[in-house]
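K.L.:
Below: one structure in structure tokens.
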Amino acid sequence: MDKKIAAILLASLIERVQRDGGTGSVSSHELQALRSALNALDPDATMPDSAVTLPVAPRTDVGSVAEPASAPRSVTEIAAVVVATKAPSLPTVKLVLDSTKLTEPSDREVLLCLDFGTAMSKAFASVFPDGYLDLELGAAAGRSGYTLPSSVFIADDGKAYFGYEAIERSQDLIESGRQRLDSIKAWLSQQSEGSLDGDARILQKSWNPTDYKLTQGDLIRIYLAYLTDMANQALGGYEVGGKTIDRYVKRRFARPCWPDPAQAKWADKLMRAMLAEAQVLADTFSGQWAGGINVAELKSAADQVRALSARPDYLIDDGVPEPVAVAAGAIADAENLRDAFMVVDVGAGTTDFGLFVSTRKPGEEDDQPRVFQIPASIHGLMQAGDKVDGMLRSFICKHESVDAADTSGHLIMADLGRRIRGLKETLFKTGALEYALADGTVGKIALQDFLEDLTVKRFGQLVEDGFKKALQAVDDTWLKWLAMDGVKLHVVLTGGSSTLPMMKALAKGPIEVKGFKIMRDSVDPKPSWMDGVPDELMAVYPQLAVAIGGAAEELPETMTAPLSFGGGTRPRYVAGRLQISGN
Numbered sequence: 003m004d005k006k007i008a009a010i011l012l013a014s015l016i017e018r019v020q021r022d023g024g025t026g027s028v029s030s031h032e033l034q035a036l037r038s039a040l041n042a043l044d045p046d047a048t049m050p051d052s053a054v055t056l057p058v059a060p061r062t063d064v065g066s067v068a069e070p071a072s073a074p075r076s077v078t079e080i081a082a083v084v085v086a087t088k089a090p091s092l093p094t095v096k097l098v099l100d101s102t103k104l105t106e107p108s109d110r111e112v113l114l115c116l117d118f119g120t121a122m123s124k125a126f127a128s129v130f131p132d133g134y135l136d137l138e139l140g141a142a143a144g145r146s147g148y149t150l151p152s153s154v155f156i157a158d159d160g161k162a163y164f165g166y167e168a169i170e171r172s173q174d175l176i177e178s179g180r181q182r183l184d185s186i187k188a189w190l191s192q193q194s195e196g197s198l199d200g201d202a203r204i205l206q207k208s209w210n211p212t213d214y215k216l217t218q219g220d221l222i223r224i225y226l227a228y229l230t231d232m233a234n235q236a237l238g239g240y241e242v243g244g245k246t247i248d249r250y251v252k253r254r255f256a257r258p259c260w261p262d263p264a265q266a267k268w269a270d271k272l273m274r275a276m277l278a279e280a281q282v283l284a285d286t287f288s289g290q291w292a293g294g295i296n297v298a299e300l301k302s303a304a305d306q307v308r309a310l311s312a313r314p315d316y317l318i319d320d321g322v323p324e325p326v327a328v329a330a331g332a333i334a335d336a337e338n339l340r341d342a343f344m345v346v347d348v349g350a351g352t353t354d355f356g357l358f359v360s361t362r363k364p365g366e367e368d369d370q371p372r373v374f375q376i377p378a379s380i381h382g383l384m385q386a387g388d389k390v391d392g393m394l395r396s397f398i399c400k401h402e403s404v405d406a407a408d409t410s411g412h413l414i415m416a417d418l419g420r421r422i423r424g425l426k427e428t429l430f431k432t433g434a435l436e437y438a439l440a441d442g443t444v445g446k447i448a449l450q451d452f453l454e455d456l457t458v459k460r461f462g463q464l465v466e467d468g469f470k471k472a473l474q475a476v477d478d479t480w481l482k483w484l485a486m487d488g489v490k491l492h493v494v495l496t497g498g499s500s501t502l503p504m505m506k507a508l509a510k511g512p513i514e515v516k517g518f519k520i521m522r523d524s525v526d527p528k529p530s531w532m533d534g535v536p537d538e539l540m541a542v543y544p545q546l547a548v549a550i551g552g553a554a555e556e557l558p559e560t561m562t563a564p565l566s567f568g569g570g571t572r573p574r575y576v577a578g579r580l581q582i583s584g585n
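Per this note's numbering, the sequence shown starts with residue 3, numbered consecutively.
Next comes the structure, spelled out in structure tokens:
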């Protein structure tokens, strides 16, 4: 942009701010910065009046009318266009603040764990001392099953749809260029500080066609409210001591092991705040999710809840790193005096690794093992099931010679993106996939051909390297012990994407690390108390393992392992309170 034009526009902005008294959106410091910027652009600039004109390019934005490029506009007219395209006023939504009026959880013997997943979200609850509550979130949402899609779709009717309904509503817009909001949890992995509610985080039009400016933070809060309400409703189907379980129970939340300690600290704090805010939103919109909710109402409520002076923070317990949550079940059933476990939690967006060692004293009556975590081994790989989705979509398009650069190819890619998880599931279950593209093309691919694709092979090597990196970070004395005759590294695979062939390969055969040959052995991650549970719950255990482990009455008392094998120990800590960092 020409500096003179930029100076005129900046002067117009300053004039409007001064005229409107700032309207609370521009501080005195920001106004001073604007004046400094104007002076840097044009030291001789004065405040222009409405007679100053300049050429503008055609406008085709929503709420504007295209004009010839030569049509002049005054600064006042330009300001009028800017005002006209501002978001309309928000409706009044009365928040339900019941949760903020309490100071402690309602059912102290119940502990809930929420697992906000990249693709699917889950929940599980325990009742002290020995009970458990399996929560069918899909059934609470009017469908079936234990899982809930982590998806939101904002339709052209101005409503936001959630979970299964989001997926179904988005299928009808193949040719619209619109996108469903999937993998929103990944936004927490894309920065390590700051806010998810700034102007840079406003959702683009392909996600949100309305004039209400939802941010990434808004969407996460709103989806967490949906997840919270479904978990609350599922809990409400149970009684404890002859009393129906209330909505305000203590809850943990599962989180990935982010490699950056600063990111883990930032995201953990943000999740605690958002989950507390989500309970207020859940209470406000409870019973209204089916059929969609107006975006204007959601935005109004989200803005109000962010401004609350008090939140139900008493409900939110510690964040639990996902491998630690899984370890609560699998490691507790260890039988040898000393066993080593590599926990690999494979979700949609991340693959998390963690090395643990369980020990028992000979002849000890107490069957509870002592668990040592090797902190250096905690490693997060930002590649998982979603990556396979993308590779499969590209493989199909390559197989059918789809040109993603043209309009038809763009529509085909968008349509496949909405359906790819289901297509992937069919391919890996049956070994073959028959499909129909948005342009009517039909085709078929075989699983073996997909697995032989170079991109897929490189991905398999990437996760193997991630496994190796987790081991490379520990002291050589640990590796020497793991390489001894008779010692096996038990690999615990869990998570919704753990059944993928390249993930199963992580639990097989030897692996060489720093010259040490270590034998790997696959371990069933299900804890012994699950013997005899319904087949339906058993079948989805890999997806629920994190939520189940995170809801344990007491996570295994865990000690930080010494830097070297056989060295002294360090102070104990509880796994749910770990500050996890990786290398």
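Ideal Cβ positions, reconstructed from N, Cα and C, are used throughout, including at glycine.
Would a C-beta distance cut-off of 7 Å place T428 and L435 closer than the cut-off?
P.N.:
Yes, Cβ-Cβ distance for T428 and L435 is below 7 Å.
K.L.:
Helix or strand or just coil, what does DSSP make of I520?
P.N.:
In this structure, I520 counts as strand in the three-state DSSP scheme.
K.L.:
Should A168 and S152 be called a contact, given that it needs their Cβ atoms to be closer than 7 Å?
P.N.:
Not closer than 7 Å, so no.
K.L.:
Looking at C-alpha atoms only, which residue of G468, Q306, D315 and V251 is the closest neighbour of A386?
P.N.:
The shortest Cα separation from A386 among G468, Q306, D315 and V251 belongs to G468.
K.L.:
Quick one: using the 10 Å Cβ neighbour count with 16 as the cut-off for buried, is F287 buried or exposed?
P.N.:
Answer is buried; the Cβ neighbour count reaches 16.
K.L.:
If I follow the unbroken alpha helix (DSSP H) through M415, where does it start and stop?
P.N.:
Residues T409 to T432.
K.L.:
Report, in whole angstroms, the separation of the C-beta atoms of I222 and L183, which I expect to be a contact under 8 Å.
P.N.:
About 10 Å separates the two Cβ atoms, so there is no contact after all.
K.L.:
Sort K506, Y228 and S208 by Cα distance to A125 and report the nearest one.
P.N.:
Residue Y228 is the option with its Cα nearest to A125.
K.L.:
For T149 versus P258, is the C-beta spacing smaller than 7 Å?
P.N.:
No, the pair does not count as a contact, with Cβ atoms beyond the cut-off.
K.L.:
DSSP state of V84, grouped into three classes?
P.N.:
Any reading at V84 needs caution, since the residue's pLDDT is 43, under 50, leaving its predicted position unreliable; the model's value is listed next. Residue state, collapsed to three classes: helix.
K.L.:
Using a Cβ-Cβ cutoff of less than 6 Å, which residues in the same chain neighbour L357 once the five nearest sequence positions on both sides are dropped?
P.N.:
If we look at L357 and ignore the five residues flanking it on each side, its Cβ neighbours are M344, I376 and S379.
K.L.:
Can Y250 and S128 be called in contact, C-beta distance under 7 Å?
P.N.:
Contact: no.
K.L.:
Look at the alpha carbon of D405 and the alpha carbon of E170, and state the distance between them as a whole number of angstroms.
P.N.:
Roughly 26 Å separates the two Cα atoms.
K.L.:
Thinking C-alpha only, which one of Q306, A407, N210 and G392 is nearest F589?
P.N.:
Within the shown structure, residues of the chain are numbered from 3 to 585, placing residue 589 beyond reach of any answer.
K.L.:
Could you check the C-alpha separation between P325 and H381 for me, to the nearest Å?
P.N.:
If I take the Cα positions, the gap works out to 10 Å.
K.L.:
Buried or exposed: which applies to R110, given that a residue is buried once 16 or more other Cβ atoms fall within 10 Å of its Cβ?
P.N.:
R110 comes out exposed.
K.L.:
List the DSSP bridge partners of S471.
P.N.:
The sequence given here places Lys at residue 471; Ser does not occur at that position. Looking at the DSSP assignment, K471 forms no beta bridge with any residue, so it has no partner.
K.L.:
Where do the ends of the beta strand (DSSP E) carrying A342 lie?
P.N.:
First-last of the beta strand (DSSP E) with A342: R340 to V348.
K.L.:
Compute the Euclidean distance between the alpha carbons of V515 and P90, then round it to the nearest angstrom.
P.N.:
Between V515 and P90, the C-alpha separation is close to 60 Å.
K.L.:
Does DSSP classify F567 as helix, strand or coil?
P.N.:
Coil, per DSSP.
K.L.:
Pull up the CB-CB distance for L413 and A440, whole angstroms please, since I reckon it's below 8 Å.
P.N.:
Confirmed, Cβ separation roughly 5 Å.
K.L.:
Could you pull out every residue in the same chain whose Cβ sits closer than 6 Å to the Cβ of S566, ignoring the five residues on either side in sequence?
P.N.:
Only D477 and T479 meet the Cβ criterion.
K.L.:
Decide yes or no for the touch test of the segment 268-283 against the segment 297-314: beta carbon pairs closer than 8 Å, at least 3 of them.
P.N.:
As far as the Cβ criterion goes, the segment 268-283 touches the segment 297-314, which means the pair count is three or higher.
K.L.:
Please report the residue range of the beta strand (DSSP E) in which A358 lies.
P.N.:
Residue 358 is actually Phe in this sequence, not Ala. First-last of the beta strand (DSSP E) with F358: T353 to T361.
K.L.:
According to DSSP, simplified to helix, strand and coil, what is P323?
P.N.:
If DSSP states are grouped into helix, strand and coil, P323 belongs with the strands.
K.L.:
My guess is that K506 and L495 are in contact by the Cβ rule of under 8 Å, so how many angstroms apart are they, rounded?
P.N.:
7 Å between Cβ atoms; contact.
K.L.:
How would you call L456, buried or exposed, if buried means at least 16 neighbouring beta carbons within 10 angstroms?
P.N.:
L456 comes out exposed.
K.L.:
So, do the segment 479-493 and the segment 526-539 have three or more beta carbon pairs nearer to each other than 8 Å?
P.N.:
Taking 8 Å as the limit for Cβ pairs, the verdict is that the segment 526-539 does not touch the segment 479-493.
K.L.:
To the nearest angstrom, how far is the alpha carbon of D537 from that of A292?
P.N.:
Near 29 Å, if we compare the C-alpha coordinates of A292 and D537.
K.L.:
What do you get for E106, buried or exposed, if any count of 16 or more other CB atoms within 10 angstroms of its CB means buried?
P.N.:
Exposed is the call here.
K.L.:
Would you give the residue range spanned by the alpha helix (DSSP H) that T286 belongs to?
P.N.:
Residues P263 to F287.
K.L.:
How about S360 and D341: are their beta carbons less than 7 Å apart?
P.N.:
Yes, Cβ-Cβ distance for S360 and D341 is below 7 Å.
K.L.:
Span of the beta strand (DSSP E) holding Y163?
P.N.:
Unbroken beta strand (DSSP E) run through Y163: K161 to F164.
K.L.:
Among K459, G160, M273 and F155, whose alpha-carbon lies nearest the alpha-carbon of E299?
P.N.:
It is G160 whose Cα lies nearest to the Cα of E299.
K.L.:
Helix, strand or coil for N210? Go by DSSP, reduced to three states.
P.N.:
Correct three-state label for N210: coil.
K.L.:
Quick check on S123: does DSSP put it in helix, strand or coil?
P.N.:
It is a strand residue.
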